[in-house]
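Visitor: Structure incoming, see below.
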Amino acid sequence: MSDTPFGTALSAISRRRVIQSSMLGAALLATTGLYGPAQAQGKLKVAAIYTVPVEQQWVSRIHKAANAAAERGDIEYVFSENVSNSDYERVMREYSEAGHDLIIGEVFGVEDAARQVARDYPETAYLMGSSFKPQDDTPNFSVFDNYIQDASYLTGIIAGAMSETKNIGMVGGFPIPEVNRLMNAFMAGVREMAPDAKFQVAFIGSWFDPPKAKETAFAQIDAGADVLYAERFGVSDAAKERDILAIGNVIDTQADYPDTVVASALWHFEPTLDAAIEKVKAGTFKAEDYGVYSFMKEGGSSLAPLGTFEGKVPPDAMKLVEEREAAIKAGEYTVEIDDSEPKSN
Numbered sequence: 001m002s003d004t005p006f007g008t009a010l011s012a013i014s015r016r017r018v019i020q021s022s023m024l025g026a027a028l029l030a031t032t033g034l035y036g037p038a039q040a041q042g043k044l045k046v047a048a049i050y051t052v053p054v055e056q057q058w059v060s061r062i063h064k065a066a067n068a069a070a071e072r073g074d075i076e077y078v079f080s081e082n083v084s085n086s087d088y089e090r091v092m093r094e095y096s097e098a099g100h101d102l103i104i105g106e107v108f109g110v111e112d113a114a115r116q117v118a119r120d121y122p123e124t125a126y127l128m129g130s131s132f133k134p135q136d137d138t139p140n141f142s143v144f145d146n147y148i149q150d151a152s153y154l155t156g157i158i159a160g161a162m163s164e165t166k167n168i169g170m171v172g173g174f175p176i177p178e179v180n181r182l183m184n185a186f187m188a189g190v191r192e193m194a195p196d197a198k199f200q201v202a203f204i205g206s207w208f209d210p211p212k213a214k215e216t217a218f219a220q221i222d223a224g225a226d227v228l229y230a231e232r233f234g235v236s237d238a239a240k241e242r243d244i245l246a247i248g249n250v251i252d253t254q255a256d257y258p259d260t261v262v263a264s265a266l267w268h269f270e271p272t273l274d275a276a277i278e279k280v281k282a283g284t285f286k287a288e289d290y291g292v293y294s295f296m297k298e299g300g301s302s303l304a305p306l307g308t309f310e311g312k313v314p315p316d317a318m319k320l321v322e323e324r325e326a327a328i329k330a331g332e333y334t335v336e337i338d339d340s341e342p343k344s345n
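Residue 1 is where the sequence shown starts when you use the UniProt record's numbering, and the numbers rise one by one after that.
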């Protein structure tokens, strides 16, 4: 995946074109009688609103799942990327006015405005990434988050075994629950193999700033880290340049960093989106927390194949990884969900 965002002007033009096309589609559906309750007879109209480029890790997984649903004929899918928080409400309203059945996205910075839109369009279903829970005053507004703490914990076990200095660098975007729980689970995994490990934790204050993430990672390497937790793009580049290891998050980037990324925790948004599509078609969509669909036992997360590092991780660590992975999938082992902000020690 590319780290380069599309230009703001181009994105704005593309967004206008998508919205205009969507409004025309809604009008056609209305005249043919397919719009509304009869949606179960045809494809759902799904729109997505992203505040970052679709290349960004987290959003790329939502985009991938939506494209898969479109390719198999379940939905018609359009999207807008690089939408600023100040513009988010307007775009939500435009998609809602255009007659989309389901609108997905991430509203971490615009929670109140997004819920007001949902109240204004009660016939539209909204499935939004959020740090908050479903609320009674927005029965058509469901939330999700990437609860991939199971896979993050397993990558921590591997990191703890692979580190020689037992000094781990961690670079995140913002200290919000969605990020915190993954970092804390990773740290718990590291401590399985290195109880006295040292952690350097930093947040760059951005969801997509590879140069800043890279600079922060360099500082951690200079302070002794020999394994980096790459919650943001840019961290693995620093690890590659300094010839140390990195742990991936949400997507598998080992093909781009074959000698650097030893393991990754993958998020699969397909179970989340598929559940929402099914409920919208059945007319049973309501305010719910879809976070559970990201759990490993639900197929929402996994440990990426080790690829070039197959056979290079200490056997005792891999034995523990295999045992815990099986127990997690069987519901016999639970990785703690800790949303508190992780700290350096």
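C-beta: ideal position from N, C-alpha, C; glycine also.
In or out: alanine 342 buried (at least 16 other Cβ within 10 Å) or exposed?
Guide: Within the sequence shown, the letter at position 342 stands for residue 342. Sequence check: residue 342 is proline here, not alanine. Classification for proline 342: buried.
Visitor: Quick one: grab the DSSP three-state call for aspartate 243.
Guide: As a working note, residue 243 is residue 243 in the sequence shown. Looking at aspartate 243 - three-state DSSP - the assignment turns out to be coil, as it is neither helix nor strand.
Visitor: Which same chain residues, not among the five before or five after histidine 100, have their C-beta less than 7 Å away from its C-beta?
Guide: Here the question's residue 100 lines up with position 100 in the sequence shown. Counting only Cβ-Cβ distances below 7 Å, and skipping sequence neighbours, we find Ser22, Lys45, Val46, Ala47 and Thr124.
Visitor: What distance in whole Å lies between the Cβ atoms of lysine 297 and lysine 319, which are believed to be in contact at a cut-off of 8 Å?
Guide: Along the sequence shown, read from residue 1 onward, the residue named residue 319 stands at position 319. Along the sequence shown, read from residue 1 onward, the residue named residue 297 stands at position 297. Lysine 319 to lysine 297, Cβ: 21 Å. No contact.
Visitor: Quick one: what's serine 301 bridged to in DSSP?
Guide: The count along the sequence shown starts at 1 and reaches residue 301 at position 301. Trp267, per the DSSP bridge assignment.
Visitor: Three or more C-beta pairs closer than 8 Å, one from the region 211-225 and one from the region 180-195: is that the case here?
Guide: no
Visitor: Between which two residues does the alpha helix (DSSP H) holding isoleucine 157 run?
Guide: Locating residue 157 in the sequence shown gives position 157, where the first residue counts as 1. Looking at the DSSP string, the run of the alpha helix (DSSP H) that includes isoleucine 157 is 149-162.
Visitor: Considering only the alpha carbon of each residue, which of Leu127, Pro139, Ile148 and Arg191 lies closest to isoleucine 158?
Guide: Taking the sequence shown and counting its residues from 1, one reaches residue 158 at position 158. For isoleucine 158, the nearest C-alpha among the options comes from Arg191.
Visitor: In the DSSP assignment, find the unbroken beta strand (DSSP E) run with glutamine 220 in it and report its ends.
Guide: By 1-based counting over the sequence shown, the position of residue 220 is 220. Segment 210-222 is the alpha helix (DSSP H) holding glutamine 220; no beta strand (DSSP E) there.
Visitor: Near glutamine 254, what residues of its chain come up, given a Cβ to Cβ distance below 6 Å and the 5 sequence neighbours on each side ignored?
Guide: Stepping through the sequence shown from its first residue, residue 254 is reached at position 254. Answer for glutamine 254: Val261 and Gly307, listed in chain order.
Visitor: Compute the Euclidean distance between the alpha carbons of isoleucine 62 and glutamate 270, then round it to the nearest angstrom.
Guide: For the purposes of this step, residue 62 is identified with residue 62 of the sequence shown, where counting begins at 1. For the purposes of this step, residue 270 is identified with residue 270 of the sequence shown, where counting begins at 1. Taking the straight line joining both Cα atoms gives about 8 Å.
Visitor: Reducing DSSP to helix, strand and coil, say where aspartate 76 ends up.
Guide: Counting from 1 along the sequence shown, the entry for residue 76 is found at position 76. Rather than aspartate, the amino acid found at residue 76 in this sequence is glutamate. Reduced to three states, the DSSP call for glutamate 76 is strand.
Visitor: Counting only the same chain and skipping the five closest in sequence on each side, list residues whose C-beta sits under 8 Å from that of glutamate 76.
Guide: Stepping through the sequence shown from its first residue, residue 76 is reached at position 76. These residues qualify, in order along the chain: Gly25, Lys43, Leu44, Lys45, Val46 and Ala70.
Visitor: Whole angstroms is fine: what's the gap from aspartate 339's alpha carbon to serine 131's?
Guide: Locating residue 339 in the sequence shown gives position 339, counting from the first residue. Locating residue 131 in the sequence shown gives position 131, counting from the first residue. Answer to the nearest angstrom: the Cα atoms are 10 Å apart.
Visitor: Where valine 143 and threonine 165 are concerned, what is the direct C-alpha to C-alpha distance, given to the nearest angstrom?
Guide: Position 143 of the sequence shown, counting from 1, holds the residue named residue 143. Position 165 of the sequence shown, counting from 1, holds the residue named residue 165. In a straight line, the C-alpha of valine 143 is about 40 Å away from that of threonine 165.
Visitor: May I have the straight-line CA-CA distance separating aspartate 196 from serine 163, to the nearest angstrom?
Guide: Taking the first residue of the sequence shown as position 1, residue 196 is located at position 196. Taking the first residue of the sequence shown as position 1, residue 163 is located at position 163. Between aspartate 196 and serine 163, the C-alpha separation is close to 12 Å.
Visitor: Have a look at alanine 282 and threonine 138 and give me their C-alpha separation to the nearest angstrom.
Guide: If you number the sequence shown from 1, residue 282 lands on position 282. If you number the sequence shown from 1, residue 138 lands on position 138. If you take the alpha carbons of alanine 282 and threonine 138, they lie about 19 Å apart.
Visitor: What's the C-alpha gap between serine 302 and glycine 129?
Guide: To locate residue 302, count along the sequence shown from 1; it is residue 302. To locate residue 129, count along the sequence shown from 1; it is residue 129. Roughly 20 Å between the two C-alpha positions.
Visitor: Report yes or no: do the region 308-327 and the region 85-102 share at least 3 C-beta pairs separated by less than 8 Å?
Guide: no
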